[in-house]
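Terminal number for the sequence shown in full-length UniProt numbering: 583, no gaps in between. One structure is given here, and the rest of the page talks about it.
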Amino acid sequence: MHGRVKIKSTAQQQEEKRKEREKKLKIYVAARDACFSKRKEGVCDDEALQLTQQLLSSNPDFATLWNYRREILMHLETVKDKDEVQKIYETELSFLESCLKMNPKSYGSWHHRYWVSARLPQPDWARELSLCDRCLSLDDRNFHCWDYRRMVVKMSGVPVDKELEFTDRLIGSNFSNYSSWHYRSTLLPLLHPQSPEPPSPSHEPSQPSPPHSPQTHSHRVCEEQLLKEYELVQNAFFTDPNDQSAWFYYRWLLGRAEREEMISCVYVSRDEERVAVAFSGPVIAQSVSLLLVLDGQPQKVEWRSVHPRFKHSPVWICDLPPGTISDITSEHNLTVHWTEKYTHRDCALYTGRTESWCRDSATDQELFRSELSVEKTSVLQSELQSCNQLLELEPLNKWCLLTIVLLMRALDPLGYEKETLAHFQTLKEVDSMRSAYYSDLCSKFMIENTILKMEYAEVRVFSITDKNLTTLCHLDQLLLVTHINLSSNQLRRLPPQFAMLQCLEVLEVDNNSIENLEGLYHLPKLEEVLLKNNKISTLADLQPLASCPKLKRLDLRGNPVTQMANIESELAELLPSVTDLLL
Numbered sequence: 001m002h003g004r005v006k007i008k009s010t011a012q013q014q015e016e017k018r019k020e021r022e023k024k025l026k027i028y029v030a031a032r033d034a035c036f037s038k039r040k041e042g043v044c045d046d047e048a049l050q051l052t053q054q055l056l057s058s059n060p061d062f063a064t065l066w067n068y069r070r071e072i073l074m075h076l077e078t079v080k081d082k083d084e085v086q087k088i089y090e091t092e093l094s095f096l097e098s099c100l101k102m103n104p105k106s107y108g109s110w111h112h113r114y115w116v117s118a119r120l121p122q123p124d125w126a127r128e129l130s131l132c133d134r135c136l137s138l139d140d141r142n143f144h145c146w147d148y149r150r151m152v153v154k155m156s157g158v159p160v161d162k163e164l165e166f167t168d169r170l171i172g173s174n175f176s177n178y179s180s181w182h183y184r185s186t187l188l189p190l191l192h193p194q195s196p197e198p199p200s201p202s203h204e205p206s207q208p209s210p211p212h213s214p215q216t217h218s219h220r221v222c223e224e225q226l227l228k229e230y231e232l233v234q235n236a237f238f239t240d241p242n243d244q245s246a247w248f249y250y251r252w253l254l255g256r257a258e259r260e261e262m263i264s265c266v267y268v269s270r271d272e273e274r275v276a277v278a279f280s281g282p283v284i285a286q287s288v289s290l291l292l293v294l295d296g297q298p299q300k301v302e303w304r305s306v307h308p309r310f311k312h313s314p315v316w317i318c319d320l321p322p323g324t325i326s327d328i329t330s331e332h333n334l335t336v337h338w339t340e341k342y343t344h345r346d347c348a349l350y351t352g353r354t355e356s357w358c359r360d361s362a363t364d365q366e367l368f369r370s371e372l373s374v375e376k377t378s379v380l381q382s383e384l385q386s387c388n389q390l391l392e393l394e395p396l397n398k399w400c401l402l403t404i405v406l407l408m409r410a411l412d413p414l415g416y417e418k419e420t421l422a423h424f425q426t427l428k429e430v431d432s433m434r435s436a437y438y439s440d441l442c443s444k445f446m447i448e449n450t451i452l453k454m455e456y457a458e459v460r461v462f463s464i465t466d467k468n469l470t471t472l473c474h475l476d477q478l479l480l481v482t483h484i485n486l487s488s489n490q491l492r493r494l495p496p497q498f499a500m501l502q503c504l505e506v507l508e509v510d511n512n513s514i515e516n517l518e519g520l521y522h523l524p525k526l527e528e529v530l531l532k533n534n535k536i537s538t539l540a541d542l543q544p545l546a547s548c549p550k551l552k553r554l555d556l557r558g559n560p561v562t563q564m565a566n567i568e569s570e571l572a573e574l575l576p577s578v579t580d581l582l583l
């Protein structure tokens, strides 16, 4: 037994560790209480600085102590000369490095370093960039460090091309560096912006356009650089087809730029004495920025969105004073001025016409695809071929499948429609957890294609039936549609955006799973609603229809609400205008 080392039992070790933790905790709590006491008394001395350092060294995420430490440092600025302040802050930066070694993703430490660097009389930005490089070499996805680096780059004036070279190095060493790809997407529009296009004659501003600001900087990249980026990202996803970083960046490259803000359509109805205006995106239309001129005379009108839930909306309406345009024998010229954006649109209501409109088609607006040059089309065709080759090697790669869909959309959405639908079906099978996302995206693309086909045919009828449609979008593009057929799909609701369909007369949505009619709100021309075999279960679900003054025919067969007692009399009271009710 002699000379043998006694091995402590697990219970003994745990007890010793507990005592050690209690000892450290007492010291920590005492120091914390001392700090709180000093702060309460307004003491900002060296001892308080040491106490906060002692606590933050062991717990750098104590935000209150960082705040107290800044109060102390600001006080020292008032009692020390410039050289002493420089030394104090340099010491502070060294202390912060030790905190970052303990927790490289400490919010408090990075925020405090930002604060110190901004107040340093003579900052050493090269040192800060070197620190960022070291931290990112340990963890290239440390977003705290990326944020701090962007601040350092801005403050020190590092050229954009040098930062782009920095992303080259990081991506070259690790294709999976998502942060580098993202940073690259913010740099390219600054270094290689697309040249602004001159406005088309039909949209000449009535006044000079306001000067551009950094906030209105184009997010589009010039075509020459875009083609180089395609080659770079292709190398990445061929190296590792299952890494999502490069695929996300590739999707950004294929994305369309934000649409120009403009009035895309003006519609005027003689019967309702109403004007509807559609914009290229959601806006807040107020009388001060939207001016209606009728036959040369400004009109005092009140603009409102099509649904009370919308403060921002792409479609706004107003009612003209009674009798203003009701005479069928009169002709009127109407202009809507968007004074804030220096643009306007004219519309003429001719004799004998009950309605008129002036609009840009989805094709004219390049709404669903950008116009491609011959060179870019050729490159994208080559990219599509490369992705198809990769798909042969990786037939179940969801990123490759989705990118092929996006390339087809960019090149020819109607020409590749059949292939696109087949790829979506495969995506739902190989990535079943996201099948709902793919269904919604597929629905979006089908709606876009149907709008294009409708405009090519120059009709006001919109029909998508038996296509497993799960969601509705681009409803602002259907402002002039009079007849919609969405039967035999998988729709669960008619969303508030449906109220944008100000010309709608007939709605067919049989054989869906619709529970909510919120979007059928104040549709002035709606006469017929066919809702057979849906899931309308209460009278409250039908309440929005009471706001449609011309509704005459309603088909509710196959809905749970038809099983309610006294349903016919209840509906007669709720919808007195309906003369043809099918239960």
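Cβ atoms here follow ideal geometry from the backbone N, Cα and C, with glycine treated the same way.
- request: Could you check what DSSP says for residue 209 in three-state terms: helix, strand or coil?
  value: Because residue 209 sits at a pLDDT of 42, beneath the cut-off of 50, its placement in the model cannot be relied upon, and the following sentence gives the value as read from the coordinates. Three-state DSSP puts residue 209 in coil, outside helix and strand.
message: Is the separation between the beta-carbon of residue 589 and that of residue 331 shorter than 9 Å?
response: Because the chain here runs from 1 to 583, residue 589 falls outside it and cannot be looked at.
field: Coarse secondary structure for residue 579, derived from DSSP in three states
entry: coil
message: Does the contact criterion of 3 or more C-beta pairs under 8 Å hold for the stretch 521-531 versus the stretch 551-564?
response: These segments touch.
- prompt: residue 276 bridges to which residues according to DSSP?
  reply: Per DSSP, the beta bridge partners of residue 276 are 267 and 317.
- prompt: Any contact of the stretch 508-522 with the stretch 543-552, i.e. 3+ C-beta pairs under 8 Å?
  reply: Short answer: they touch.
message: Please report the straight-line C-alpha distance between residue 512 and residue 567, rounded to a whole angstrom.
response: 22 Å
task: With DSSP as the reference, please indicate the residues paired to residue 36 in a beta bridge.
output: The secondary-structure analysis by DSSP pairs residue 36 with nothing; it has no beta-bridge partner.
query: Which residues does DSSP pair with residue 290 in a beta bridge?
result: DSSP lists 338 as partners of residue 290.
query: Excluding the five sequence neighbours on either side, which residues of its own chain have a C-beta within less than 6 Å of the C-beta of residue 534, listed in chain order?
result: 512, 514 and 559
task: Taking residue 466 as part of the alpha helix (DSSP H), name the residues at either end of that continuous run.
output: Careful: residue 466 lies outside any alpha helix (DSSP H) and carries neither H nor E.
- prompt: Nearest to residue 437 by alpha carbon, out of 562, 306 and 402?
  reply: 402
- request: Use the C-beta contact count for residue 73: other C-beta atoms within 10 angstroms, 16 or more gives buried, fewer gives exposed.
  value: buried
task: Compute the distance between the beta-carbons of residue 480 and residue 178, then report whether it is under 9 Å.
output: no
Span of the alpha helix (DSSP H), counted from its first residue to its last, around residue 118: Per DSSP, residue 118 is one residue of the alpha helix (DSSP H) stretching across 107-119.
- request: Please state if the CB of residue 506 and the CB of residue 474 are separated by a distance shorter than 9 Å.
  value: no
task: Would you check if the distance between the CB atom of residue 129 and the CB atom of residue 153 is smaller than 9 Å?
output: yes
- request: Measure the alpha-carbon distance for residue 450 versus residue 462 and round it to whole angstroms.
  value: 7 Å
query: Under three-state DSSP, which class holds residue 203?
result: Residue placement at residue 203 cannot be trusted, given a pLDDT of 43 that sits under 50; the coordinates are not used to answer.
Spatial distance of residue 237 from residue 167 (CA atoms): 17 Å
message: Going residue by residue through the stretch 455-514, where are the continuous beta strand (DSSP E) segments of at least 3 residues, counting only ones entirely within it?
response: 461-463, 483-485 and 506-508
field: Segments of 4+ residues assigned as alpha helix (DSSP H) that fall wholly inside the stretch 21-101
entry: 46-58 and 63-79
- prompt: Just curious, the beta strand (DSSP E) that residue 190 is in, first and last residue?
  reply: That residue, residue 190, is in no beta strand (DSSP E); its alpha helix (DSSP H) goes 178-191.
- prompt: Does the distance from the C-beta atom of residue 65 to that of residue 76 stay below 9 Å?
  reply: no
task: Measure from the alpha carbon of residue 63 to the alpha carbon of each residue in 538, 397, 111 and 93, then state which is nearest.
output: 111
query: In its own chain, which residues sit with a C-beta less than 7 Å from the C-beta of residue 284, not counting the 5 before and 5 after it?
result: 311 and 312
- request: Pick out whichever of 411, 444 and 400 has its Cα sitting closest to the Cα of residue 423.
  value: 400
field: Outcome for residue 469 when other beta-carbon atoms lying within 10 angstroms are tallied against a minimum of 16
entry: Residue 469 is buried by the Cβ-count criterion.
message: Three Cβ pairs or more, each shorter than 8 Å: is that satisfied between the stretch 385-397 and the stretch 237-248?
response: yes
message: If I follow the unbroken alpha helix (DSSP H) through residue 153, where does it start and stop?
response: Note, residue 153: alpha helix (DSSP H), 143-156.
message: Relative to the C-alpha of residue 361, which candidate in 457, 60, 86 and 15 has its C-alpha closest?
response: 457
query: Does the distance from the CB of residue 270 to the CB of residue 354 come in under 9 Å?
result: Contact flag set, yes.
query: For the beta strand (DSSP E) that contains residue 528, what are its first and last residues?
result: Counting along the chain, the beta strand (DSSP E) containing residue 528 begins and ends at 528-530.
- prompt: Can you tell me whether DSSP reads residue 351 as helix, strand or coil?
  reply: In the structure shown, residue 351 sits in coil (DSSP, three-state: anything other than H, G, I, E or B).
query: Buried or exposed: where does residue 575 fall if 16 or more other Cβ atoms within 10 Å of its Cβ makes it buried?
result: buried
For residue 450, three-class secondary structure by DSSP: Three-state result, residue 450: helix.
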